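Residue 13 in this note's numbering sits at position 24 of the sequence shown, and the numbers go up by one each step. Every residue, glycine too, gets a C-beta built ideally from N, C-alpha and C. Because the structure is a prediction, the values reported are computed rather than measured.
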Amino acid sequence: MIDELPPGQRPREDFPRFGLWPYAERFPADVTGACLRIQGGRLAARDLVDPLAGLERVEQISDFHCVTTWSRRRLRWSGVRIADFYAARIAPLLPADLAVDKLALRAQDGYRTTLPLADLLAADVLLADRLDGEPLSVAHGAPLRLVAPAHYGYKSVKHLARIDLLAAEARLRPAAFAFMDHPRARVAFEERGCWLPGWLLRRLYRPLIGTTVRRFAAALAKRGHEAPPRRG
Ligand SMILES: Nc1nc2c(c(=O)[nH]1)N[C@H]1C(S)=C(S)[C@@H](COP(=O)(O)O)O[C@H]1N2
Ligand SMILES: [Mo]
């Protein structure tokens, strides 16, 4: 049926700041100038200042599905397809014999996860710097975040700071408990986590939504009161 949500998801009218509890109180140090570090696979680390500069910009309307079962429909993101970014800014740096299997996406707040390169190269995966026509807010990932609509929200890393190129056998210590970080986390297949079935994780996660939303909102409000005036 048209407009049906993926299995186990329920619509939400607002778009709350959300995440793992330890990250509620952590904020990015730099929310204005995006700088992205690329490293791994025998590549010396390099910092790309203004990483989207010169690349084709796209706008996309997509739904956002959190693993805890809330979905927010029709968000209007804009940025650059990570496929275009990878082809223009990463592929040319790579030695011919280097096999990149997945990328680790790391945030300014310490959050991190991985996705297979093949999933990241899909046409709807963006490095986004704008939401609904405005620069990303701190709540939603300033200055730069991933948007991967076919995957649960925990793959859409906010405050993106670093990308590591990983071989197939490489492992990253996940930000959450290991069972919570499925390597692909595809919404359509209800890959909510590892080892435990999707229907069980729905029931475990759903009761946590309200508390999490309140916690993240309160931490943001507190920071708003304490943050020094930003220089222009
Ligand atoms: N840096 C960072 N990225 C993150 C998280 C986080 O805590 N820190 N939480 C993830 C989770 S679980 C979700 S559902 C989405 C929430 O995005 P939002 O806060 O813009 O709604 O961000 C994801 N990316
Ligand atoms: Mo989430």
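Measuring only the C-alpha atoms, how far is residue i from residue j?
i	j	result
PRO84	ALA128	38 Å
PRO17	ASP98	6 Å
LEU161	GLU215	34 Å
ASP90	VAL146	19 Å
VAL202	VAL20	22 Å
ALA164	ILE198	18 Å
ALA174	LEU106	14 Å
ALA206	PRO5	8 Å
Under 8 Å, do residue i and residue j count as touching if we go by C-beta distance?
i	j	result
LEU110	ALA139	no
TRP66	LEU135	no
SER51	PRO0	no
TYR194	TYR100	no
LYS144	THR102	yes
State the CB to CB distance for the pair residue i and residue j, rounded to an integer number of angstroms; the pair is presumed to be in contact (CB under 8 Å).
i	j	result
ALA96	LEU149	6 Å
ALA77	LEU44	6 Å
ASP54	GLY122	Residue identity check: residue 54 is His in the sequence provided, not Asp. In fact, because the Cβ distance is near 22 Å, the residues do not count as touching under 8 Å.
ARG70	ALA131	With a Cβ gap of about 20 Å, ARG70 and ALA131 do not count as contacting.
PRO(-4)	GLY187	7 Å
Which of the three DSSP states is assigned to residue i in this structure?
i	result
TRP184	coil
LEU104	strand
SER126	coil
HIS214	helix
LEU149	strand
LEU94	strand
VAL69	strand
Please classify residue i as buried or exposed, where buried requires at least 16 neighbouring CB atoms within 10 angstroms.
i	result
ASP3	exposed
LEU154	buried
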